[in-house]
Amino acid sequence: MTLYPAIDLKDGKAVRLTKGLMESAKVYSDEPWILVKKFEEMGAEWVHLVDLNGAFAGEPKNLEQIIKIRENCNVKLELGGGIRDEATIKKMLDIGIDRIILGSIAVKDSAFVREMAAKYPIAVGIDAIDGYVAVEGWGEVSTMKATDLAKEFANAGVEAIICTDVGRDGTLSGVNVEFTVDIANASGISTIASGGVKDESDIEALIATNAVDGVIIGKAYYEGTLDLANMFKLLN
704 MTLYPAIDLK DGKAVRLTKG LMESAKVYSD EPWILVKKFE EMGAEWVHLV DLNGAFAGEP
764 KNLEQIIKIR ENCNVKLELG GGIRDEATIK KMLDIGIDRI ILGSIAVKDS AFVREMAAKY
824 PIAVGIDAID GYVAVEGWGE VSTMKATDLA KEFANAGVEA IICTDVGRDG TLSGVNVEFT
884 VDIANASGIS TIASGGVKDE SDIEALIATN AVDGVIIGKA YYEGTLDLAN MFKLLN
């Protein structure tokens with residue numbers, strides 16, 4: 704089980720949202736790179752970055768902070784938020800991002816995602832509200848079931864699927880294990896759980912499935928309901 708400490712970037716700051724609502728943003732640091740360095744010192748192999756402004760704008764908006772993180776930290780970085788064309792993918796990889804997360808574009812143009820996955824390290828972000836895919840920074844809900852979208856990327860060369868239950872995200876209400884396992888089974892791809900993680904019992908429940916490879920940890924760390932440093936010691 705790989706733990707992915709998460710940083711959402713909004714206006715250059717590290718924030719967390721509740722249920723994806725931008726107006727719910729709570730600032731945890733004015734210097735996100737310092738947080739990433741802290742995760743690295745705890746034993747993190749990966750850090751999960753989301754450019755929230757970029758998700759709504761359709762193009763990266765927190766480049767200064769992303770570059771600062773890369774220059775100061777040695778962990779692997781995956782980045783999502785507003786990355787919707789090959790030029791942007793290349794730009795982010797040139798900056799030093801290790802894996803690109805494609806979300807909204809995966810719903811609208813799955814062929815493009817498969818094409819990019821053949822060339823670059825790509826993860827697909829599947830965000831769902833009541834089982835249906837949410838896009839455009841979770842501002843819209845499509846008519847596509849999350850599991851149907853996951854099936855589209857079976858054998859497509861995608862490195863991982865990151866599945867988020869938006870209704871639980873940032874709520875500390877517990878991870879949606881069943882939803883995550885459904886996505887893993889539908890795609891056959893390495894699957895990373897996201898949304899609602901509260902404490903160690905969530906991680907234990909995911910490990911027990913033998914179907915989930917990673918979990919994104921956000922508010923549980925920031926609000927102190929999960930001892931992340933101890934969790935790294937237990938799993939490493």
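The working numbering puts the first residue of the sequence shown at 704, with every later residue one more than the last.
Even glycine gets a Cβ: it sits at the ideal position worked out from N, Cα and C.
Expected contact under 8 Å - CB spacing of residue i and residue j to nearest Å
| i | j | result |
| --- | --- | --- |
| residue 887 | residue 914 | 4 Å |
| residue 713 | residue 755 | 4 Å |
| residue 740 | residue 775 | 6 Å |
Same chain, Cβ closer than 6 Å to residue i, five either side skipped, listed in chain order
| i | result |
| --- | --- |
| residue 809 | 816 and 827 |
| residue 859 | 817 and 820 |
| residue 897 | 865, 867 and 919 |
| residue 891 | 857 |
| residue 800 | 780 and 782 |
| residue 762 | 785 |
| residue 873 | 719, 720, 721 and 922 |
Sequence-distant residues of its chain with Cβ nearer than 8 Å to residue i (five each side left out)
| i | result |
| --- | --- |
| residue 835 | 844, 845, 846, 847, 848 and 849 |
| residue 932 | 745 and 746 |
Outcome for residue i when other beta-carbon atoms lying within 10 angstroms are tallied against a minimum of 16
| i | result |
| --- | --- |
| residue 918 | buried |
| residue 765 | buried |
| residue 927 | exposed |
| residue 861 | buried |
| residue 863 | buried |
| residue 730 | exposed |
| residue 814 | exposed |
| residue 910 | exposed |
| residue 788 | exposed |
| residue 790 | exposed |
Straight-line Cα distance separating residue j from residue i
| i | j | result |
| --- | --- | --- |
| residue 760 | residue 903 | 35 Å |
| residue 753 | residue 711 | 5 Å |
| residue 778 | residue 745 | 11 Å |
| residue 726 | residue 720 | 8 Å |
| residue 773 | residue 877 | 31 Å |
| residue 855 | residue 893 | 14 Å |
| residue 832 | residue 851 | 14 Å |
| residue 732 | residue 738 | 8 Å |
| residue 885 | residue 895 | 12 Å |
Cut-off 7 Å between Cβ atoms - residues of its own chain near residue i, not counting five sequence neighbours on either side
| i | result |
| --- | --- |
| residue 823 | 792, 796 and 803 |
| residue 905 | 877 and 878 |
| residue 923 | 875, 900, 901, 902 and 929 |
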